[in-house]
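Quick notes on the structure that follows.
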Amino acid sequence: MLKSVKKQTMPLKGEIVIPSDKSVSHRAVMFSSIANGNCIVRNFSSGADCHSTLNLFKALGVDIQFLDEKTLKIHSSGKLIPKKTIYSNNIYSCGNSGTTMRLVSGILARQNFDSVLTGDESLSKRPMKRIIEPLTLMGAEISSVNGHAPLSIKGRKLHGITYPSKLASAQVKSCILLAGLGADGETTFTEPSLSRNHTELMLEYLGADIKAEGNSVTIRPSELTARDIDIVGDISSAAFFIVVGLIVKGSDFVIKNVGLNPTRSGIIDVVTRMGGDIEILNKRTVSGEDVGDIRVRYTENLRGCTIEGDDIPRLIDELPVIAVLASQADGETIVKDAGDLRNKESDRISCLAKELTKIGVDIKEAEDGFIVNGKTKLQGGAEMESYHDHRLAMSFYVAGLVCEKEIAINGFEWTKISFPEFEELFSKLSL
Ligand code: S3P
Numbered sequence: 022m023l024k025s026v027k028k029q030t031m032p033l034k035g036e037i038v039i040p041s042d043k044s045v046s047h048r049a050v051m052f053s054s055i056a057n058g059n060c061i062v063r064n065f066s067s068g069a070d071c072h073s074t075l076n077l078f079k080a081l082g083v084d085i086q087f088l089d090e091k092t093l094k095i096h097s098s099g100k101l102i103p104k105k106t107i108y109s110n111n112i113y114s115c116g117n118s119g120t121t122m123r124l125v126s127g128i129l130a131r132q133n134f135d136s137v138l139t140g141d142e143s144l145s146k147r148p149m150k151r152i153i154e155p156l157t158l159m160g161a162e163i164s165s166v167n168g169h170a171p172l173s174i175k176g177r178k179l180h181g182i183t184y185p186s187k188l189a190s191a192q193v194k195s196c197i198l199l200a201g202l203g204a205d206g207e208t209t210f211t212e213p214s215l216s217r218n219h220t221e222l223m224l225e226y227l228g229a230d231i232k233a234e235g236n237s238v239t240i241r242p243s244e245l246t247a248r249d250i251d252i253v254g255d256i257s258s259a260a261f262f263i264v265v266g267l268i269v270k271g272s273d274f275v276i277k278n279v280g281l282n283p284t285r286s287g288i289i290d291v292v293t294r295m296g297g298d299i300e301i302l303n304k305r306t307v308s309g310e311d312v313g314d315i316r317v318r319y320t321e322n323l324r325g326c327t328i329e330g331d332d333i334p335r336l337i338d339e340l341p342v343i344a345v346l347a348s349q350a351d352g353e354t355i356v357k358d359a360g361d362l363r364n365k366e367s368d369r370i371s372c373l374a375k376e377l378t379k380i381g382v383d384i385k386e387a388e389d390g391f392i393v394n395g396k397t398k399l400q401g402g403a404e405m406e407s408y409h410d411h412r413l414a415m416s417f418y419v420a421g422l423v424c425e426k427e428i429a430i431n432g433f434e435w436t437k438i439s440f441p442e443f444e445e446l447f448s449k450l451s452l
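Okay, structure coming up:
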């Protein structure tokens with residue numbers, strides 16, 4: 022689908038409620054499915070990725086019902102018993118979702134049945150060695166196509182390991198913790214910088230024997246007990262609106278119910294460093310996660326900054342829209358230590374640089390990041406390719422709002438992966 026975006030000449034005002042967090046929604050369904058008992062999950066994501074996880078656990082025999090569009094009732098004995106159909110053969114589709122494939126592998130590797138995980142074209146190109154290697158050290162038996170999906174998993178009894186990971190990745194960490202939850206002995210995972218810790222928080226909330234300290238986390242075999250879960254709004258979705266508010270002249274609006282877990286809120290620190298007018302209101306805690314409302318106002322004098330090291334896992338998914346923000350800030354914005362951006366739904370370094378260059382952004386690609394030089398009056402007037410990547414599609418939409426000439430975005434329908442409500446919320450602010 023080709024989407025046209027015109028310059029936004031009127032200020033954006035009002036308030037919006039940001040929909041459910043994708044990372045927390047995945048975990049709510051996965052962990053409730055392997056917990057014993059009944060629970061209600063409120064504010065579940067409407068994104069396609071989280072529905073891939075939900076359908077997968079239904080096929081694994083878990084009783085999951087929708088009470089309304091966003092509320093789930095989950096009942097499990099804590100044991101997965103795959104539904105047998107003549108067609109299924111324990112083959113489960115993860116769609117486009119890397120989180121589904123990587124986390125579920127940790128659960129399936131320790132079952133008493135075999136399974137196969139498949140993905141769409143994009144997911145089948147994403148690296149899976151990062152989970153296959155540590156799972157194999159735990160005794161798992163997984164075959165792949167040169168480190169890519171489909172993954173064929175022979176269920177086995179696993180044993181705990183101590184694993185110093187070279188990558189700061191919440192997906193790898195969560196996979197190993199979920200394997201460790203049902204393995205013999207203790208499992209310790211250490212990462213170079215702390216990645217999002219939703220798994221640690223939620224497993225603890227459900228009664229797991231888990232202890233985090235600095236960049237390390239240790240889990241011992243334990244049973245989970247189901248508890249109701251309220252899911253906070255997604256800061257990665259809010260990020261598009263934070264940038265819109267800062268760069269569209271005269272804007273002043275409130276983004277409500279945004280998850281502010283410190284391992285996810287790097288965008289707030291970066292915007293503050295860049296001189297952005299942003300304020301956190303009404304801070305509170307929901308099901309173990311920090312939440313608040315964000316007031317954002319147009320800021321004339323944004324300045325570039327350097328984003329590196331421990332910053333990166335705290336804003337990894339926000340880097341494409343930060344590149345757009347940087348084009349409207351004076352001076353250089355340098356992003357380093359973010360080489361794993363090349364392994365997301367697209368190569369988010371080269372695709373971003375190629376497409377933003379088309380509309381006049383001064384962006385240079387680096388091996389592990391990019392450099393944007395601002396401030397630039399964007400000419401627009403180009404067709405941009407989203408490479409089937411939801412976050413690129415929405416970042417380009419935001420850029421289009423400050424382009425002189427209309428742009429068109431190819432593949433805009435991919436926003437359904439994480440944020441189907443994106444355009445509807447945008448129109449609420451432009452009434
Ligand atoms: C996620 C972790 C991050 C992030 C992804 C969601 C998660 O991936 O980019 O969108 O929910 O654990 P990595 O662990 O590969 O960095």
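Sequence positions in the sequence shown follow this note's numbering and run 22 to 452. Every residue gets a Cβ at the ideal spot worked out from N, C-alpha and C, and that includes glycine.
Can Val137 and Pro171 be called in contact, C-beta distance under 8 Å? yes
How many Å lie between Thr293 and Asp351 at the Cα? Using only the alpha carbons, I get a separation of about 14 Å.
For ligand 1, is there a heavy atom less than 7 Å away from the beta-carbon of His47? yes
For Asp70, which of Leu450, Phe440, Arg151 and Leu446 has the nearest alpha-carbon? Phe440
Hey, could you find the ends of the alpha helix (DSSP H) Thr121 is sitting in? Its alpha helix (DSSP H) spans residues Gly119 to Leu129.
Residues that Asn431 bridges to, as DSSP identifies them: DSSP output for Asn431 lists Leu23 and Glu406 as bridge partner(s).
Consult DSSP for Thr139 and reduce its assignment to one of helix, strand or coil. strand
Shorter than 7 Å, the distance from the beta carbon of Asp311 to the closest heavy atom of ligand 1, or not? no
Buried or exposed (CB count within 10 angstroms, at least 16 for buried), Gln86: Under the 10 Å beta carbon count, Gln86 is surrounded by fewer than 16 other beta carbons and is classified as exposed.
When you compare only the Cα positions, how much space is there between Val26 and Ile428? 5 Å
Run through DSSP, which three-state label would Glu339 get? Correct three-state label for Glu339: helix.
Can we count Asp361 as close to ligand 1, meaning its CB is less than 7 Å from some heavy atom? yes
Could I get the ranges of all uninterrupted alpha helix (DSSP H) runs contained in the stretch 247 to 321, with 4 residues as the minimum, in chain order? 256 to 268 and 287 to 294
Strand pairing of Leu399, partner residues [DSSP]: Cys424.
Can you tell me where the beta strand (DSSP E) with Ile231 in it begins and where it stops? Asp230 to Glu234
Residues of its chain near Thr92, where Cβ-Cβ distance is below 6 Å and the 5 sequence neighbours each way are ignored: Arg63, listed in sequence order.
Would you kindly report the start and end of the unbroken beta strand (DSSP E) that includes His180? From DSSP, His180 is part of no beta strand (DSSP E); its letter is neither H nor E.
Would you decide whether Arg305 is buried or exposed? Buried here means 16 or more other CB atoms lie within 10 Å of its CB. Result: exposed.
Any chance you could list the beta strand (DSSP E) runs of at least 3 consecutive residues sitting entirely within the stretch 347 to 397, in chain order? 352 to 356, 383 to 387 and 390 to 395
Could you tell me whether the stretch 221 to 241 touches the stretch 196 to 207, where touching means 3 or more Cβ pairs closer than 8 Å? yes
Rounded straight-line distance, which links the Cα of Lys194 to that of Asn236: 11 Å
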